[in-house]
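All residue numbers for the sequence shown refer to our numbering, where the first residue is 1160 and numbers rise by one.
A virtual CB, placed ideally from N, CA and C, is assigned to each residue, including glycine.
Just so we're clear, the structure is a prediction, and the values are computed from it rather than from any experiment.
Working notes, beginning with the structure itself.
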Amino acid sequence: MPLFRLRGRAVVRISPQDQRIKEEIVHRLIEENLDRFFEDFLLVARKPRIGGKEFDTLAVDRTTSAPVIIEYKREKDRGVFEQVDLYYVKLKHNKPDVMILLQKSNAVEDLEQVDFENPQIVIVAKEFTPEQRELLTLKKDYLRLFRYQFYDDKIVSLEQVEPLTAPSEVASGARRIAHFPGGTYDLDHFGMNPSTRQLYEKLDKGILSLDSRVKPGKILKYFIGYAATGPYFCSVKPRVKSLRVEVKCHSKPGNYKRLHVYALPEYRTMTHGFDMSSEMQMGIALRIIKQALTESL
């Protein structure tokens, strides 16, 4: 989520901080300001033990009276989703432990109103993988993901992460298809040969893994567009034997031996392009695409 500071009639972007923040710092910051980050949550306990397992934060949602477990992760944690169902079960089936904590905190006036049938799990992390965002659609009834970002000038943001695809698409493995008055377009529309199709699928997976805010590629008539928080920062034009990739970069991408990067005409939305025909070019391609993504955020 890009942030800007007003300076007269101009705006100046506030730079995000890239250094690694300790998990305990994130934990303490959010927990001590819980009602500001989550206005419907009331703090119940720090590091509670429920059903023999220790959690980061126990809260209660004042609007639904449902108990909430909040877990904090510094970076991408591929194992955390394996534990989400355990968190849910522990919270739902260890009512006595939770009731004691609620009683001690005085967070709820009427303990009989606590909704143990619909407990909630919240994961706060610096980033999430595409696979986790896909799984979110299958657990959306009780799971929410939030991405934090620290900026210069002691600014921090916390934004909810949306699922990568719709539940039906997760179940079927289907890609997003664009519908237009002139027709319906999918990957077959571009006529890629099998090796090029495989190359595109790996590139697509790589682009989506760059940042949780990247939306699935939108298949249009002439290209596949990738966006995050604004307009497209990258487009892929599949051909039979190669992929033409175009990016929007404010600063010129570097020069690479394995990949020829060329400037596009000024009237074009994208600024630079290159052609891919081999997986050996993948690392360089994603480096250039990441530059365009970073500049678009």
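Give me the residue from 1243, 1435, 1265 with the minimum Cα distance to residue 1212. Looking up residue 1212 in the sequence shown gives position 53. Taking only the C-alpha atoms, the option nearest residue 1212 is 1243.
Take every Cβ of the segment 1445-1452, pair it with every Cβ of the segment 1390-1408, and state whether three or more of those distances are shorter than 8 angstroms. The segment 1445-1452 is in contact with the segment 1390-1408.
Between residue 1362 and residue 1395, how many whole angstroms is the CB-CB distance? I'm expecting something under 8 angstroms. As a first step, residue 1362 is located in the sequence shown; it is residue number 203 there, counting from the start. As a first step, residue 1395 is located in the sequence shown; it is residue number 236 there, counting from the start. Confirmed, about 7 angstroms.
Span of the alpha helix (DSSP H) around residue 1442: Within the sequence shown, the letter at position 283 stands for residue 1442. Element bounds for residue 1442: 1441-1455.
Count Cβ pairs between the segment 1177-1184 and the segment 1194-1208 that sit closer than 8 angstroms; are there 3 or more? No: fewer than three Cβ pairs fall under 8 angstroms.
Looking only at its chain, what residues have a beta carbon closer than 8 angstroms to the beta carbon of residue 1373, apart from the 5 residues adjacent to it on each side? In the sequence shown, counting from the first residue as 1, residue 1373 sits at position 214. Here the set comprises 1366, 1367, 1385, 1386, 1387, 1452.
Could you give the residue range of the alpha helix (DSSP H) that holds residue 1309? Within the sequence shown, the letter at position 150 stands for residue 1309. Annotation: residue 1309 is outside any alpha helix (DSSP H); the continuous beta strand (DSSP E) that includes it extends over 1302-1310.
Provide the residue span of the beta strand (DSSP E) that contains residue 1434, from first to last. By 1-based counting over the sequence shown, the position of residue 1434 is 275. Taken as a continuous stretch (DSSP letters only), the beta strand (DSSP E) holding residue 1434 covers 1431-1435.
DSSP three-state assignment for residue 1316, whether helix, strand or coil: By one-based count along the sequence shown, residue 1316 stands at place 157. Collapsing the DSSP output to three states places residue 1316 in a strand.
Could you check where the beta strand (DSSP E) with residue 1384 kicks off and where it finishes? Taking the sequence shown and counting its residues from 1, one reaches residue 1384 at position 225. Note, residue 1384: beta strand (DSSP E), 1383-1386.
So, for residue 1136: in the same chain, excluding its five sequence neighbours on each side, which residues have a beta-carbon less than 6 angstroms away from its beta-carbon? The structure shown does not extend to residue 1136, since the chain spans only 1160 to 1456, so no value can be given for it.
Cutting at 7 angstroms between CB atoms, please list the residues of its own chain near residue 1270, excluding the five before and the five after it. Within the sequence shown, residue 1270 is the residue found at index 111, counting from 1. Around residue 1270: 1258, 1261, 1262.
The beta strand (DSSP E) enclosing residue 1173, as first and last residue numbers: For the purposes of this step, residue 1173 is taken as residue 14 along the sequence shown, with counting starting at 1. That run of the beta strand (DSSP E) goes 1169-1173.
Relative to the C-alpha of residue 1369, which candidate in 1268, 1442, 1208, 1170 has its C-alpha closest? What you label residue 1369 is simply residue 210 of the sequence shown in a count that begins at 1. Minimum Cα distance to residue 1369 is reached at 1442.
Kindly identify the DSSP beta-bridge partner or partners of residue 1163. Residue numbering aside, residue 1163 sits at position 4 when the sequence shown is read from its first letter. For residue 1163, which the question treats as bridged, DSSP gives the partners 1172.
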